[in-house]
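*Asks:* Just dropping this structure here.
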Amino acid sequence: MTAAAIQAQDFSKSQCTAGLRAALNILDKWKASCEQACRVLRISRSTYTRASQKDSAWAVSLDADQMQRISLVLNIHAVLRLVFDNPENVYGFPSMENRNEFFNGRTPLEIMAQGDMISLYETFRRIDALRGAQW
């Protein structure tokens, strides 16, 4: 989904909260630290903590950039589920050292946690290329 498409939509607080919690659940399974998750999604530590508490009454509003970051995390997860059959790779791949030229010995999670949208998007593109013609 492009930034323009996301900006054209008006997300409710419940949609933002559900997306954030889904992305944080995935990042947790990828073994991302609190700091990494906050940089990937561009959220504060307090938002991370509140979202993790599972309080059904809590809700949050997020901006288009944050929603696009959530979308990219969910899409990376979807690609990993298509490419790999075993949970060890589905959830472990983002923390595995990668010798691909783009990653240059770093893990996909390290690149995503740099915090800029370009690093997150380019990580998605590289992982998406793994699926070949599977879509």
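The numbering of the sequence shown is UniProt numbering, which starts it at 1 and goes up by one.
Don't be surprised by glycine CBs; every beta carbon is placed ideally from N, CA and C.
Computed from a predicted structure; not experimentally measured.
(1) Taking R42 and Q66 to be in contact with their CB atoms under 8 Å, please state how far apart those CB atoms are, rounded to whole angstroms.
(2) To the nearest angstrom, how far is the alpha carbon of A4 from that of Q68?
(3) Let's see if you can read the secondary structure: which residues bound the alpha helix (DSSP H) around residue 214?
(4) Any idea what DSSP makes of A51, helix, strand or coil?
(5) Any idea what DSSP makes of T123, helix, strand or coil?
(6) Use the C-beta contact count for T94: other C-beta atoms within 10 angstroms, 16 or more gives buried, fewer gives exposed.
*Replies:* According to the data block:
(1) For the purposes of this step, residue 42 is taken as residue 42 along the sequence shown, with counting starting at 1. For the purposes of this step, residue 66 is taken as residue 66 along the sequence shown, with counting starting at 1. That pair is a contact at about 6 Å.
(2) Translated into the one-based positions of the sequence shown, residue 4 becomes position 4. Translated into the one-based positions of the sequence shown, residue 68 becomes position 68. For A4, the pLDDT reaches just 49, beneath the cut-off of 50, and the residue's location in the model is therefore unreliable, although a value from the coordinates is still provided. Straight-line Cα distance between these residues: approximately 10 Å.
(3) This structure cannot speak to residue 214, because the chain is shown only from 1 to 135.
(4) Here residue 51 corresponds to residue number 51 of the sequence shown, with the count starting at 1. If DSSP states are grouped into helix, strand and coil, A51 belongs with the helices.
(5) In the sequence shown, the residue the question calls residue 123 occupies position 123. DSSP places T123 in helix when its eight states are reduced to three.
(6) One-based indexing of the sequence shown puts residue 94 at position 94. Per the sequence presented here, residue 94 reads as Pro, with Thr not at that position. Result: buried.
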